[in-house]
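Enquirer: Dropping a structure here in structure tokens format, bear with me for questions.
There are 2 protein chains.
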Amino acid sequence: MVQDTRELNRSAVLTTLLLERPASRKKLATAAGISAATVTRTVEQLIGEDLITETQEIVSEQRGRRAVQLDLRADLGIVAGVDLGASKTRIVIGHIHGTPLAVRELATPGTLDLPALIDWLAGVILDLSSGFAAPLRQVALGVPGSLEIPEQRISHAPNLPQIEGTEFLAALRRSLPCPVVCDNDANFALLGELHFGAAAHSPNAALLSLGFGLGSALAMDGRVLRGTRGLVGEFGQLPIGPMGARLEHLVTGGGILRQAELAGIALESPADLFVSDPAPRIAALRQQFEQGLMVALTAVSVSCDPDTVVLSGGLSRALAPELARYQELLGGHLRLAPRLELATLDDFSGAVGAMVSALQHCYRDLGALPEALPRLPRGVHVDRARLAALKSVEPVVPVG
Amino acid sequence: MVQDTRELNRSAVLTTLLLERPASRKKLATAAGISAATVTRTVEQLIGEDLITETQEIVSEQRGRRAVQLDLRADLGIVAGVDLGASKTRIVIGHIHGTPLAVRELATPGTLDLPALIDWLAGVILDLSSGFAAPLRQVALGVPGSLEIPEQRISHAPNLPQIEGTEFLAALRRSLPCPVVCDNDANFALLGELHFGAAAHSPNAALLSLGFGLGSALAMDGRVLRGTRGLVGEFGQLPIGPMGARLEHLVTGGGILRQAELAGIALESPADLFVSDPAPRIAALRQQFEQGLMVALTAVSVSCDPDTVVLSGGLSRALAPELARYQELLGGHLRLAPRLELATLDDFSGAVGAMVSALQHCYRDLGALPEALPRLPRGVHVDRARLAALKSVEPVVPVG
DNA sequence: GGTTTTATTTTCATCGAGCAATCAAATCTA
DNA sequence: TAGATTTGATTGCTCGATGAAAATAAAACC
Numbered sequence: 003m004v005q006d007t008r009e010l011n012r013s014a015v016l017t018t019l020l021l022e023r024p025a026s027r028k029k030l031a032t033a034a035g036i037s038a039a040t041v042t043r044t045v046e047q048l049i050g051e052d053l054i055t056e057t058q059e060i061v062s063e064q065r066g067r068r069a070v071q072l073d074l075r076a077d078l079g080i081v082a083g084v085d086l087g088a089s090k091t092r093i094v095i096g097h098i099h100g101t102p103l104a105v106r107e108l109a110t111p112g113t114l115d116l117p118a119l120i121d122w123l124a125g126v127i128l129d130l131s132s133g134f135a136a137p138l139r140q141v142a143l144g145v146p147g148s149l150e151i152p153e154q155r156i157s158h159a160p161n162l163p164q165i166e167g168t169e170f171l172a173a174l175r176r177s178l179p180c181p182v183v184c185d186n187d188a189n190f191a192l193l194g195e196l197h198f199g200a201a202a203h204s205p206n207a208a209l210l211s212l213g214f215g216l217g218s219a220l221a222m223d224g225r226v227l228r229g230t231r232g233l234v235g236e237f238g239q240l241p242i243g244p245m246g247a248r249l250e251h252l253v254t255g256g257g258i259l260r261q262a263e264l265a266g267i268a269l270e271s272p273a274d275l276f277v278s279d280p281a282p283r284i285a286a287l288r289q290q291f292e293q294g295l296m297v298a299l300t301a302v303s304v305s306c307d308p309d310t311v312v313l314s315g316g317l318s319r320a321l322a323p324e325l326a327r328y329q330e331l332l333g334g335h336l337r338l339a340p341r342l343e344l345a346t347l348d349d350f351s352g353a354v355g356a357m358v359s360a361l362q363h364c365y366r367d368l369g370a371l372p373e374a375l376p377r378l379p380r381g382v383h384v385d386r387a388r389l390a391a392l393k394s395v396e397p398v399v400p401v402g
Numbered sequence: 003m004v005q006d007t008r009e010l011n012r013s014a015v016l017t018t019l020l021l022e023r024p025a026s027r028k029k030l031a032t033a034a035g036i037s038a039a040t041v042t043r044t045v046e047q048l049i050g051e052d053l054i055t056e057t058q059e060i061v062s063e064q065r066g067r068r069a070v071q072l073d074l075r076a077d078l079g080i081v082a083g084v085d086l087g088a089s090k091t092r093i094v095i096g097h098i099h100g101t102p103l104a105v106r107e108l109a110t111p112g113t114l115d116l117p118a119l120i121d122w123l124a125g126v127i128l129d130l131s132s133g134f135a136a137p138l139r140q141v142a143l144g145v146p147g148s149l150e151i152p153e154q155r156i157s158h159a160p161n162l163p164q165i166e167g168t169e170f171l172a173a174l175r176r177s178l179p180c181p182v183v184c185d186n187d188a189n190f191a192l193l194g195e196l197h198f199g200a201a202a203h204s205p206n207a208a209l210l211s212l213g214f215g216l217g218s219a220l221a222m223d224g225r226v227l228r229g230t231r232g233l234v235g236e237f238g239q240l241p242i243g244p245m246g247a248r249l250e251h252l253v254t255g256g257g258i259l260r261q262a263e264l265a266g267i268a269l270e271s272p273a274d275l276f277v278s279d280p281a282p283r284i285a286a287l288r289q290q291f292e293q294g295l296m297v298a299l300t301a302v303s304v305s306c307d308p309d310t311v312v313l314s315g316g317l318s319r320a321l322a323p324e325l326a327r328y329q330e331l332l333g334g335h336l337r338l339a340p341r342l343e344l345a346t347l348d349d350f351s352g353a354v355g356a357m358v359s360a361l362q363h364c365y366r367d368l369g370a371l372p373e374a375l376p377r378l379p380r381g382v383h384v385d386r387a388r389l390a391a392l393k394s395v396e397p398v399v400p401v402g
């Protein structure tokens, strides 16, 4: 509690710059509520630390001396957001400014044993990130399982059992030259949609991932809720059916196929449930699904009072035509029902959210104020078209 | 961002004192990480503001000069925690130090119209708080309904419909000489149990209130979650039964009676469901209840990953003998199931929690650091015996 | 009564912020 | 083209607040 006023101003100026990038000293002084003199001195320090730099002045339309624009140094580094799925692994390399630089979608070699899987993953990350003339500063990894915070243990990952326990993460950390944070894939997907997707401008939001399994995530005030034992959002465990059947047996791709089999109906894919003119027996099955979906939607709604619930995962695309009806149904169950939206980043919500998280960890390490992190990165736009375009980009672009 | 270092030290010293009450200057300096010289000056300022005061020195067992103990001034004020229930209204007057001073339990005159109800409530609060030689600084009011934050509107209060809308709160505020905060009764009940009851030492906790209605509340990191529209915790809305029947129709006192009536069973009270040797038809009804209870317990568990789930409300006492079995059942549904506990403050969880909230608002207004509030008040013990003893105390005790 | 120990206050050097003057670099105007 | 004007950035200066250390205070010990 000593002379931290200087440190405090450093943080304030840096944070303001991250929020209003790029900005002149004058603008920083106004926005941060600090005198111009102090900003000059603080900026000098930050430049000395090789953190920020003066950039091109904008062609001014005003009279008077042109403001010198400042920005985070472009060669500070890059981050990697990784979504390690049971079948596909998706990676988004992000520039320190927040821009996605490269995107990859690979088949996860799920049959490999643990050391080989770690080798493969570390190799892929290093390979993709080495094409840029800036160091890799942070990796964020989404996994199809829960993370127990105190011991950094991954549990409950039936679709990729090798990674359960603590060894996978520990070994991956040894194989990578920078910090690695890890979280549940749904949590990162929600973070991605919060920043660039369907839940932008909804600080309170939830995500329901309807795929082969059921995942969900909750966010309040722009912050994704994360319990210490990774239990948050596991609504699939709700014992709602007769005999304690779980919700995940009703509203997942796997569950639908199983229910169909039990009922003696031949379904090729879970999406067949949503054909426009279903046979009566399929309609019954579908009604069962929809009942479960309503439970799931209600559950996430009363958990964090979201403005928006984002639906993602393979099944979500199949039920898109029914969305308006579901919205109405939910309104019947719930006063003040949240808005239902499909994920706009498609299968890349998770990887993009991981990139966002990695960036936030970077900014925090650089000294940004923690309370501003949920609003960072700012001034960047990411959408599916941009990601698609980057899939084919060779990572040979020198940054800066 | 100017010379706020002084203000910052003031907050730090005050917060440390609240956390380590009472404390000497030396102790404050060590605990807050501030130099002794600065603490001396800051304490001088706080004494000048009539906020803190020197108290009796402790009889020292050490050599050397005795440390002068400092404490919040006892005559700073009192707060009122009010739990306005549909049938009973409970009030706990709390000293600024956190000690409960007076406790009342009154029948709510639920048949009064709005102005008369407000008059009655304001009168009761003023009457009870006027017996102490210290001003009433803050009132916290728990209501059997939801609070929509932006407009301060109470909604969803079927058992006390007069208070719905914005007028009740607005008029009550006009009738009381100090700030009034309002929240859902379950939220305050959880806050009470978090501080003094079954969830003490569980920063992540949830509460399930099983009474005539179903209420619940969630807390993470010692902070009760509160959505902007008061939807958090309304798990009663879960449409889990056939034909969209809601969870609240299964696990509430009212629901049980209705189900029994539908089944043609005569029940005098919901508690009859839990007799030790039930008739087969009652056992079936009970099983239905327990299925609903499991859904509710699972739902709160996966919403905030609690270490403890507190059961409160009239029904919770009836099912106490079955608690161990429910704990086991829950463990079967859920890996890492939370601990189930009965509320230890009985019917006063809500009023005590409201008192806690009122105190926290006081401390915040005095300048305590927001991040310390979830740990305040400290060093006070409240239990049902103490509350019971205070029910009969006449409020004529001059404070200080 | 002197010594030792511990708490608090005072003294004093230093640090860092803001104000205001100054410098810098534009556009505007005759 | 040479001021005048406007706006941004820097610098000199003062002042307030902190912390280290010295001084003082108040106890126990011997």
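Listed in order, the protein sequences are those of chains A and B.
Residue 164 in my numbering sits at position 162 of the first sequence; the count goes up by one each step and never skips.
Residue 185 in my numbering sits at position 183 of the second sequence; the count goes up by one each step and never skips.
For each residue, glycine too, the CB sits at the ideal point set by N, CA and C.
None of the values given here were measured: they were computed from a predicted structure.
1) What does the Cβ neighbour count give for A/SER132, buried or exposed, with the cut at 16 atoms within 10 Å?
2) In the DSSP assignment, find the beta strand (DSSP E) that holds A/GLY217 and state where it starts and stops.
3) Could you pull out every residue in the same chain whose Cβ sits closer than 6 Å to the Cβ of B/GLY215, ignoring the five residues on either side in sequence?
4) Is the Cβ-Cβ distance between A/GLY229 and B/ASN206 less than 9 Å?
5) If you run the structure through DSSP and keep just helix, strand and coil, what is A/ALA200?
6) Going by beta carbon distance, what residues of the same chain come within less than 6 Å of B/LEU313, once the five residues before and after it are set aside?
7) Which two residues bound the contiguous alpha helix (DSSP H) that contains B/ARG386?
8) Could you give the first and the last residue of the continuous alpha helix (DSSP H) run that contains B/ASP129?
9) Quick one: what does DSSP say A/CYS306 is sitting in, helix, strand or coil?
10) Taking the beta strand (DSSP E) that A/GLN71 falls in, what are its first and last residues?
11) Since A/TYR365 contacts A/LEU378 with CB under 8 Å, what's their CB separation in whole angstroms?
12) Cα separation between B/ASP407 and B/VAL226?
13) Below 8 Å, how does it come out for the segment 188 to 208 of chain A and the segment 351 to 365 of chain A: are there three or more Cβ pairs, yes or no?
14) Determine the burial state of B/GLY83: buried for a count of at least 16 other Cβ atoms within 10 Å of its Cβ, exposed for fewer.
15) Under 9 Å between C-beta atoms, does B/ILE242 make it to chain A?
16) So which of B/ARG319, B/VAL358, B/LEU10, B/ASP185 has the shortest CA-CA distance to B/ALA34?
17) Give me the residue from A/TRP122, A/LEU220, A/PRO244 with the minimum Cα distance to A/SER177.
18) Does the beta carbon of B/GLU2 sit closer than 9 Å to a beta carbon anywhere in chain A?
19) Below 8 Å CB to CB, which residues in the same chain sit around B/ILE120 once its five sequence neighbours on both sides are set aside?
20) Is A/ASP85 helix, strand or coil by DSSP?
21) Tell me the rounded alpha-carbon separation between A/VAL382 and B/LEU103.
22) Using the beta-carbon count (16 or more within 10 Å), is B/GLN58 buried or exposed?
23) Give the residues of chain A in contact with B/VAL304, contact being defined as C-beta atoms less than 7 Å apart.
24) Report the three-state DSSP secondary structure of B/VAL183 (helix, strand or coil).
25) To test your reading of the DSSP string, which unbroken beta strand (DSSP E) runs of 3 or more residues are found completely within the segment 228 to 265 of chain A?
26) Please list the terminal residues of the continuous beta strand (DSSP E) segment that includes B/THR91.
27) Alpha carbon to alpha carbon, what distance is there between A/GLN164 and B/ALA25?
28) Cβ atoms of B/VAL145 and B/LEU128: under 9 Å apart, would you say?
29) Rank A/ARG27, A/ALA387, A/GLU150, A/VAL94 by C-alpha distance to the C-alpha of A/ALA142 and give the top, closest one.
30) What is the rounded straight-line gap between the Cα of A/GLY294 and the Cα of A/ASP115?
31) Taking the straight line between their C-alpha atoms, what separation do you get for B/ILE49 and B/ARG75?
32) Going by Cα to Cα distance, which pick from B/VAL182, B/LEU149, B/PRO179, B/PRO181 is closest to B/GLU166?
33) Determine the burial state of A/GLN289: buried for a count of at least 16 other Cβ atoms within 10 Å of its Cβ, exposed for fewer.
34) Which value, in whole angstroms, describes the spacing of the CA atoms of A/TYR328 and A/PHE291?
35) Under 6 Å Cβ to Cβ from A/THR17, same chain only, skipping five residues before and after it: list those, please.
36) Pop quiz: A/SER305 and B/SER305 are said to be a contact at Cβ under 8 Å. What is the actual Cβ separation, rounded to whole angstroms?
Expert: Reading from the atomic positions:
1) In the first sequence, residue 132 of chain A corresponds to position 130, counting from 1. When all chains shown are included, A/SER132 counts as exposed.
2) Along the first sequence, read from residue 1 onward, the residue named residue 217 of chain A stands at position 215. Run containing A/GLY217: 216 to 222, per the beta strand (DSSP E) assignment.
3) Mapped onto the second sequence, residue 215 of chain B falls at position 213. Excluding sequence neighbours, B/GLY215 sits near THR254.
4) Residue 229 of chain A sits at position 227 when you count from the first residue of the first sequence. Residue 206 of chain B sits at position 204 when you count from the first residue of the second sequence. Contact: yes.
5) As a working mapping, residue 200 of chain A is identified with position 198 in the first sequence. Looking at A/ALA200 - three-state DSSP - the assignment turns out to be coil, as it is neither helix nor strand.
6) Translated into positions along the second sequence, residue 313 of chain B becomes position 311. LEU210, LEU344.
7) Here the question's residue 386 of chain B lines up with position 384 in the second sequence. Per DSSP, B/ARG386 belongs to the alpha helix (DSSP H) from 386 to 392.
8) Residue 129 of chain B sits at position 127 when you count from the first residue of the second sequence. First-last of the alpha helix (DSSP H) with B/ASP129: 116 to 131.
9) Counting from 1 along the first sequence, the entry for residue 306 of chain A is found at position 304. Reduced to three states, the DSSP call for A/CYS306 is helix.
10) Taking the first residue of the first sequence as position 1, residue 71 of chain A is located at position 69. That run of the beta strand (DSSP E) goes 71 to 74.
11) Position 363 of the first sequence, counting from 1, holds the residue named residue 365 of chain A. Position 376 of the first sequence, counting from 1, holds the residue named residue 378 of chain A. 6 Å between Cβ atoms; contact.
12) Chain B is shown from 3 up to 402; residue 407 of chain B falls before or after that span and cannot be answered.
13) yes
14) Position 81 of the second sequence, counting from 1, holds the residue named residue 83 of chain B. Its Cβ being crowded by 16 or more others within 10 Å, B/GLY83 is buried.
15) Locating residue 242 of chain B in the second sequence gives position 240, counting from the first residue. Closer than 9 Å to some Cβ of chain A, the Cβ of B/ILE242 qualifies, so yes.
16) Counted from its first residue, the second sequence places residue 34 of chain B at position 32. Comparing Cα positions, the closest option is B/LEU10.
17) If you number the first sequence from 1, residue 177 of chain A lands on position 175. The shortest C-alpha separation from A/SER177 is found at A/TRP122.
18) In the structure as shown, chain B begins at 3 and stops at 402. Residue 2 of chain B is therefore absent and cannot be evaluated.
19) Here residue 120 of chain B refers to the residue found at position 118 of the second sequence. Excluding positions up to five away in sequence, the list reads PHE170, ALA173, LEU174, SER177.
20) Within the first sequence, numbered from 1, the residue matching residue 85 of chain A stands at position 83. Note: A/ASP85 maps to strand in three-state DSSP.
21) Here residue 382 of chain A refers to the residue found at position 380 of the first sequence. Here residue 103 of chain B refers to the residue found at position 101 of the second sequence. One C-alpha to the other measures close to 56 Å.
22) In the second sequence, the residue the question calls residue 58 of chain B occupies position 56. With fewer than 16 other Cβ atoms within 10 Å, it is exposed.
23) For the purposes of this step, residue 304 of chain B is identified with residue 302 of the second sequence, where counting begins at 1. Here the neighbours are LEU233, VAL234, GLY235, GLU236, PHE237, GLN239.
24) If you number the second sequence from 1, residue 183 of chain B lands on position 181. Looking at B/VAL183 - three-state DSSP - the assignment turns out to be strand.
25) none
26) The residue you call residue 91 of chain B lines up with position 89 of the second sequence. Element bounds for B/THR91: 90 to 97.
27) By 1-based counting over the second sequence, the position of residue 25 of chain B is 23. By 1-based counting over the first sequence, the position of residue 164 of chain A is 162. If you take the alpha carbons of B/ALA25 and A/GLN164, they lie about 53 Å apart.
28) Along the second sequence, one-based indexing puts residue 128 of chain B at 126. Along the second sequence, one-based indexing puts residue 145 of chain B at 143. Cβ atoms of B/LEU128 and B/VAL145: not closer than 9 Å.
29) Start at 1 with the first residue of the first sequence, and residue 142 of chain A comes out as number 140. Here the closest residue by C-alpha is A/VAL94.
30) Position 292 of the first sequence, counted from the start, is the residue given in the question as residue 294 of chain A. Position 113 of the first sequence, counted from the start, is the residue given in the question as residue 115 of chain A. Near 36 Å, if we compare the C-alpha coordinates of A/ASP115 and A/GLY294.
31) Here residue 49 of chain B refers to the residue found at position 47 of the second sequence. Here residue 75 of chain B refers to the residue found at position 73 of the second sequence. Near 9 Å, if we compare the C-alpha coordinates of B/ARG75 and B/ILE49.
32) Your numbering for residue 166 of chain B matches position 164 in the second sequence. It is B/LEU149 whose Cα lies nearest to the Cα of B/GLU166.
33) Here residue 289 of chain A refers to the residue found at position 287 of the first sequence. Exposed, by the Cβ-count rule.
34) On the first sequence, residue 328 of chain A is found 326 positions in, with the first residue counted as 1. On the first sequence, residue 291 of chain A is found 289 positions in, with the first residue counted as 1. Whole-angstrom Cα-Cα distance: 12 Å.
35) To locate residue 17 of chain A, count along the first sequence from 1; it is residue 15. Excluding residues within five positions, the ones whose Cβ falls inside 6 Å are ALA370, LEU371, ALA374.
36) Translated into the one-based positions of the first sequence, residue 305 of chain A becomes position 303. Translated into the one-based positions of the second sequence, residue 305 of chain B becomes position 303. Contact flag correct, Cβ pair sits at about 4 Å.
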